[in-house]
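Chains as they are written, first to last, in our numbering: chain A, 1 to 379; chain B, 380 to 758.
Number of protein chains: 2
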Amino acid sequence: MNKFVLLTPGPTMVPERIGKAMQPPIIHHRAPAFVKIFTKVCEDLKYVFCTKNDVFTFAASGTGAMESAVVNLLSAGDKAVVVVSGKFGERWKLLCEAYGVNAVVIDVEWGKAVKPAQIEEALRENPDAKAVFTTLSETSTGVVADLKTIGAVVAETPAALVVDAISGLGATPCLMDEWQLDVVVAGSQKALMLPPGLAFAAVSEKAMKLVEASTLPKFYFDYKKYRKMVEKNQTPYTPAVSLILGLQEAINMIKEEGLENVYARHARLAKAARAAVKAMGLEMLSSPEDAGNICTAVKVPDGVDGNALVKIMRDEHKITITGGQEHLKGKIFRISHLGYVVDFDLILGIAAIEMSLKKLGADIQLGSGVAAAQQVFMS
Amino acid sequence: MNKFVLLTPGPTMVPERIGKAMQPPIIHHRAPAFVKIFTKVCEDLKYVFCTKNDVFTFAASGTGAMESAVVNLLSAGDKAVVVVSGKFGERWKLLCEAYGVNAVVIDVEWGKAVKPAQIEEALRENPDAKAVFTTLSETSTGVVADLKTIGAVVAETPAALVVDAISGLGATPCLMDEWQLDVVVAGSQKALMLPPGLAFAAVSEKAMKLVEASTLPKFYFDYKKYRKMVEKNQTPYTPAVSLILGLQEAINMIKEEGLENVYARHARLAKAARAAVKAMGLEMLSSPEDAGNICTAVKVPDGVDGNALVKIMRDEHKITITGGQEHLKGKIFRISHLGYVVDFDLILGIAAIEMSLKKLGADIQLGSGVAAAQQVFMS
Chain A
1 MNKFVLLTPG
11 PTMVPERIGK
21 AMQPPIIHHR
31 APAFVKIFTK
41 VCEDLKYVFC
51 TKNDVFTFAA
61 SGTGAMESAV
71 VNLLSAGDKA
81 VVVVSGKFGE
91 RWKLLCEAYG
101 VNAVVIDVEW
111 GKAVKPAQIE
121 EALRENPDAK
131 AVFTTLSETS
141 TGVVADLKTI
151 GAVVAETPAA
161 LVVDAISGLG
171 ATPCLMDEWQ
181 LDVVVAGSQK
191 ALMLPPGLAF
201 AAVSEKAMKL
211 VEASTLPKFY
221 FDYKKYRKMV
231 EKNQTPYTPA
241 VSLILGLQEA
251 INMIKEEGLE
261 NVYARHARLA
271 KAARAAVKAM
281 GLEMLSSPED
291 AGNICTAVKV
301 PDGVDGNALV
311 KIMRDEHKIT
321 ITGGQEHLKG
331 KIFRISHLGY
341 VVDFDLILGI
351 AAIEMSLKKL
361 GADIQLGSGV
371 AAAQQVFMS
Chain B
380 MNKFVLLTPG
390 PTMVPERIGK
400 AMQPPIIHHR
410 APAFVKIFTK
420 VCEDLKYVFC
430 TKNDVFTFAA
440 SGTGAMESAV
450 VNLLSAGDKA
460 VVVVSGKFGE
470 RWKLLCEAYG
480 VNAVVIDVEW
490 GKAVKPAQIE
500 EALRENPDAK
510 AVFTTLSETS
520 TGVVADLKTI
530 GAVVAETPAA
540 LVVDAISGLG
550 ATPCLMDEWQ
560 LDVVVAGSQK
570 ALMLPPGLAF
580 AAVSEKAMKL
590 VEASTLPKFY
600 FDYKKYRKMV
610 EKNQTPYTPA
620 VSLILGLQEA
630 INMIKEEGLE
640 NVYARHARLA
650 KAARAAVKAM
660 GLEMLSSPED
670 AGNICTAVKV
680 PDGVDGNALV
690 KIMRDEHKIT
700 ITGGQEHLKG
710 KIFRISHLGY
720 VVDFDLILGI
730 AAIEMSLKKL
740 GADIQLGSGV
750 AAAQQVFMS
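And the structure:
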């Protein structure tokens with residue numbers, strides 16, 4: 001008999017309520033009954049994105065929404081500043097390369113956050129940059145960037161600020177309007193607690209001006225078509241109806257808890273995870289000031305293979321965590337506390353990490369991490 | 380108390396079994412448990428596509444898969460023959476235009492099927508055409524094209540034959556390998572009986588040669604990445620996990636019924652629909668030899684507004700059919716018998732059409748269409 005737990009940066013666990021909301025019968029996407037639901041979902045998405053801008057909904061995974069920002073805002077040969085502080089920043093760079101965009105890369109050591117001053121400098125040196133591509137929550141390292149300050153920096157320039165908030169939105173503050181973010185992209189399978197298959201882009205008026213000038217070819221992800229159809233509370237192409245029914249329920253859950261409380265829950269879980277890491281005598285990948293509240297990246301003790309840890313967790317304990325990506329493969333593990341995660345999901349995850357590390361020969365005192373997490377939860 | 384019935388060309392009704400298969404808990408897409416399922420799904424898709432070629436699965440709606448064929452096979456300035464015999468053929472043309480492909484359009488009257496000789500002639504006049512884009516089942520008119528003969532024609536040329544089989548695959552024969560089709564694109568929300576959100580492209584070796592030469596920019600839909608990952612039974616970007624779990628169950632259902640029997644069921648339903656149309660004294664949009672087995676397009680009687688018919692069907696009878704698109708708006712209605720549809724779904728649809736048309740003032744004898752359908756079902 002098994003119970004499976006996902007402590008992953010996505011797909012995350014799906015609440016039973018959302019599962020039920022996605023059940024047949026299905027509604028036709030042009031029927032008034034669906035349009036009524038989608039009207040409300042579009043309004044509610046603005047609450048989650050903290051914006052008055054339109055939020056476009058794609059049948060796609062997050063990478064599709066990232067691509068949408070590149071192809072809609074830019075033209076071949078345009079210059080863009082790209083922050084690469086992990087695997088997902090790297091994806092912005094690859095996207096720019098695929099579309100002939102001249103990427104001015106700010107390379108940040110994996111595990112550190114980009115400094116707003118680095119972006120300021122890059123924009124000063126490249127005043128012709130049309131856009132800045134960066135990441136809210138870099139799940140390959142657990143780092144969350146200071147988008148508030150970055151927003152203020154970029155707002156002073158003609159460049160549009162495009163934020164991959166795929167794993168961050170709805171888990172950590174991402175105040176699109178207040179922080180002056182121009183495009184915020186997100187996905188369904190993270191803090192929104194849905195299965196993968198929906199991606200989103202919220203687009204500011206500043207960004208829409210770039211959209212008007214953009215000549216990169218596009219069709220499926222064409223913002224102009226989505227803007228025209230979102231006014232009618234529809235999508236240009238068949239939306240992923242069942243996932244949107246699930247999204248309605250997910251937003252109901254977020255509104256019941258309150259967005260501020262959702263952020264606070266993620267912050268508390270992250271605090272407990274960090275306390276457990278420390279108590280187990282392990283070291284975080286990032287410094288405390290850069291570590292975000294979505295995913296806690298931890299260096300594996302000397303002599304332990306991080307991949308073996310992930311495997312034991314999954315095969316013996318039925319708990320999915322993730323290892324390191326790219327050059328961090330085998331060197332770190334990542335425990336995510338994202339989406340439909342409560343205190344005891346994290347506690348059992350920490351308990352299993354203790355047991356797995358001990359089995360792999362690490363010097364770990366059983367219960368030490370759990371106790372530290374309990375103390376955070378009781379304080 | 381309402382029961383809702385969809386007699387639509389997609390999204391179609393989702394069987395309860397498939398709904399259950401998509402329930403939480405969700406599986407992580409890189410976990411062996413998911414890879415095992417996806418391995419089987421990829422193999423089973425080949426059965427449905429009647430091919431030995433790889434079938435790529437996208438988190439997208441059908442239009443995304445159509446776009447994938449254009450951007451992966453062609454380069455800007457390339458020439459392609461495009462068959463436009465309805466709204467979805469029109470989409471191929473729009474896609475080519477968006478990507479700077481020189482589209483040689485074969486305009487076919489809506490309601491008629493393209494003649495293979497027309498394609499032969501276009502390719503003779505345009506020997507430099509890299510591809511032919513056409514449609515298996517043109518759901519805006521109900522017409523199904525003779526892809527077998529078209530396949531033989533195009534196979535004699537260097538051009539690749541790209542088929543939008545979105546509403547046809549799994550409902551009407553589409554023998555990719557036997558008919559020498561080079562790219563077959565499909566979607567989940569049609570004969571596969573799933574909610575929308577998955578799209579597919581099966582790609583022949585002849586097409587893959589074009590992929591090697593293509594310079595159109597792409598990222599999310601890049602076939603090379605999908606081919607590389609499908610060898611590992613994975614996708615390059617997060618797949619729509621719950622829909623793929625549903626797809627596994629959908630293919631189970633198709634295999635239990637047998638693909639030939641699924642085709643036969645659709646043919647029988649279509650025959651009953653056509654008999655009912657005739658018995659009601661109505662006229663088909665297309666001639667008998669062009670009418671397909673997926674969607675029956677019917678001219679509305681003089682003095683009746685087709686849109687009003689669709690509205691009464693939906694609002695009073697809770698049965699969704701579709702009206703005409705583009706210049707056929709208000710002039711036709713389309714009753715689809717696609718996917719999870721049994722005899723009695725069609726019978727109640729016909730009964731409701733009779734009642735709705737009578738209410739709108741048409742000279743219809745109640746029960747006439749139903750009786751004709753019953754006779755087909757009993758024969």
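Beta carbons are placed, not taken as given, at the ideal position from N, Cα and C, and that holds for glycine.
What is the DSSP secondary structure of residue i, reduced to helix, strand or coil?
| i | result |
| --- | --- |
| residue 475/B | helix |
| residue 437/B | strand |
| residue 295/A | strand |
| residue 156/A | coil |
| residue 510/B | strand |
| residue 199/A | strand |
| residue 334/A | strand |
| residue 663/B | strand |
| residue 560/B | coil |
| residue 637/B | coil |
| residue 524/B | coil |
| residue 107/A | strand |
| residue 681/B | coil |
| residue 126/A | coil |
Would you mind telling me which residues of chain B sit closer than 7 Å to residue i, beta carbon to beta carbon, in chain order?
| i | result |
| --- | --- |
| residue 243/A | 576 |
| residue 189/A | 617 |
| residue 171/A | None at all; the shortest Cβ gap to chain B is about 17 Å. |
Does chain A have any CB closer than 9 Å to the CB of residue i?
| i | result |
| --- | --- |
| residue 768/B | Residue 768/B cannot be examined here, being either before or after the span of chain B that is shown, 380 to 758. |
| residue 606/B | no |
| residue 693/B | yes |
| residue 627/B | no |
| residue 712/B | no |
| residue 703/B | no |
| residue 380/B | no |
| residue 739/B | no |
| residue 402/B | yes |
| residue 332/B | Since the displayed chain B opens at 380 and closes at 758, residue 332/B lies outside it and no answer follows. |
| residue 547/B | no |
| residue 398/B | yes |
Would a check of beta-carbon distances place residue i closer than 9 Å to chain B?
| i | result |
| --- | --- |
| residue 204/A | no |
| residue 353/A | no |
| residue 4/A | yes |
| residue 78/A | no |
| residue 26/A | yes |
| residue 223/A | no |
| residue 216/A | yes |
Excluding the 5 residues preceding and the 5 following residue i in the sequence, name in chain order all residues of the same chain whose CB lies nearer than 6 Å to its CB.
| i | result |
| --- | --- |
| residue 110/A | 86, 141 |
| residue 424/B | 434 |
| residue 536/B | 502 |
| residue 90/A | 84 |
| residue 369/A | 276, 279, 280, 350, 354 |
| residue 736/B | 743 |
List the residues of chain A whose Cβ lies closer than 9 Å to the Cβ of residue i, in chain order.
| i | result |
| --- | --- |
| residue 360/B | Residue 360/B is absent from the model: chain B starts at 380 and stops at 758. |
Excluding the 5 residues flanking residue i on each side, which residues of the same chain have their C-beta closer than 8 Å to its C-beta?
| i | result |
| --- | --- |
| residue 739/B | 683, 684, 687, 688, 691 |
| residue 419/A | Outside the displayed range of chain A (1 to 379) lies residue 419/A, so it cannot be described from this structure. |
Are residue i and residue j close, meaning C-beta to C-beta below 9 Å?
| i | j | result |
| --- | --- | --- |
| residue 241/A | residue 568/B | yes |
| residue 752/B | residue 725/B | yes |
| residue 162/A | residue 59/A | no |
| residue 579/B | residue 446/B | no |
| residue 353/A | residue 333/A | yes |
| residue 238/A | residue 389/B | yes |
| residue 78/A | residue 130/A | yes |
Which same chain residues, not among the five before or five after residue i, have their C-beta less than 7 Å away from its C-beta?
| i | result |
| --- | --- |
| residue 756/B | 651, 722 |
Which chain B residues are close to residue i, counting only those with a beta carbon under 8 Å from its beta carbon?
| i | result |
| --- | --- |
| residue 320/A | 407, 410 |
| residue 86/A | Correct list: empty, because the minimum Cβ distance to chain B is about 16 Å. |
| residue 67/A | 598, 599 |
Using the beta-carbon of each residue, which ones in chain A are nearer than 8 Å to residue i?
| i | result |
| --- | --- |
| residue 388/B | None at all; the shortest Cβ gap to chain A is about 10 Å. |
Taking C-beta pairs closer than 7 Å, name the residues in chain A that residue i reaches, listed in chain order.
| i | result |
| --- | --- |
| residue 474/B | 219 |
| residue 501/B | Those within 7 Å of residue 501/B in chain A number zero; the least Cβ separation is about 23 Å. |
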